[in-house]
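Trainee:
Residue numbers (this note's numbering): 26 to 287.
(1) For residue 193, does the three-state DSSP call read helix, strand or coil?
(2) How would you label residue 234, buried or exposed, when you count the other beta carbons within 10 angstroms and need 16 or more for buried?
(3) Counting contacts by CB-CB distance shorter than 8 Å, is residue 46 in contact with chain C?
(4) So, is residue 214 buried or exposed, given that buried needs 16 or more other C-beta atoms within 10 angstroms?
(5) For a quick check, are the C-beta atoms of residue 104 and residue 47 less than 8 Å apart?
(6) As a quick exercise: from 231, 187, 41, pick the residue whose alpha carbon is nearest that of residue 205.
(7) Would you please state the rounded distance, in angstroms, between the beta carbons of residue 189 and residue 148? I believe it to be under 8 Å.
(8) Would you call the CB atoms of residue 220 and residue 228 closer than 8 Å?
(9) What's the C-alpha gap between residue 281 and residue 84?
(10) Tell me whether residue 178 sits in a helix, a strand or coil according to DSSP, three-state version.
(11) Using the three-state DSSP reduction, which class does residue 67 fall into: helix, strand or coil?
(12) So, helix, strand or coil for residue 218, using DSSP?
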């Protein structure tokens with residue numbers, strides 16, 4: 026990459042370029058972007074922020090955030106998408122913008138079947154999955170989600186806490202030998218283990234497929250089977266008082282009972 030810069034944008038031309046970027050990421054015609062430029066302009070006018078990341082002169086990422094309810098000291102990230110290697114910088118720009126304005130928490134949602142996003146959110150940023158939302162958006166007709174049910178995992182990111190730091194030589198909180206000893210409770214659509222729970226009821230582990238986007242494009246019925254299988258495990262875990270605290274390199278969520286985190 027050349028010199029990368031990230032800044033908030035306000036003018037119609039820059040916001041139109043962001044709308045086009047989101048169209049390209051979500052594979053929709055630029056004439057029908059998921060976030061039209063006029064909507065982005067209104068959000069900025071209302072006090073929200075559209076951040077744009079530039080690799081030289083090329084737009085390489087963007088994000089949109091708004092404030093939550095009055096006095097909540099929280100922000101909500103509506104969308105973020107960036108080239109590989111830029112996502113962390115875009116989220117840190119959002120964080121700095123929010124903290125400067127008094128926010129202490131940022132929330133957003135993501136597809137729980139996309140393991141790389143889970144790992145980024147839970148491990149790289151240190152957010153915590155706090156709620157499972159069934160078919161959150163209803164039917165979606167973009168090129169990424171079309172034909173699937175739009176379940177989402179809501180995460181909470183403490184903006185003023187210390188940044189996570191896990192040296193390569195130390196165990197990660199999402200990668201523990203305890204998972205290998207825990208009894209399997211559910212089988213996955215591919216016939217392998219889907220979920221296990223330790224005997225003292227402190228942790229649940231749940232596996233997601235290696236590449237749900239590829240599966241959805243090639244075998245939509247299999248993708249939907251994965252969706253509903255993972256939904257069954259995670260909705261029960263959240264109802265039982267667990268939060269999502271990690272995602273391993275081999276695609277396993279770690280869910281930790283809330284009282285076990287104190």
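Beta carbons: idealized from backbone N, C-alpha and C, even for Gly. If you're wondering where the values come from, they're calculated on a predicted model, not measured in any experiment.
Mentor: In short:
(1) Summary for residue 193: the model assigns pLDDT 42, below 50, so the residue's position carries little reliability; its value from the coordinates is reported in the next sentence. It is coil, neither helix nor strand.
(2) buried
(3) Absent from the structure: chain C. Only one protein chain is present.
(4) buried
(5) yes
(6) 231
(7) 7 Å
(8) no
(9) 38 Å
(10) strand
(11) helix
(12) strand
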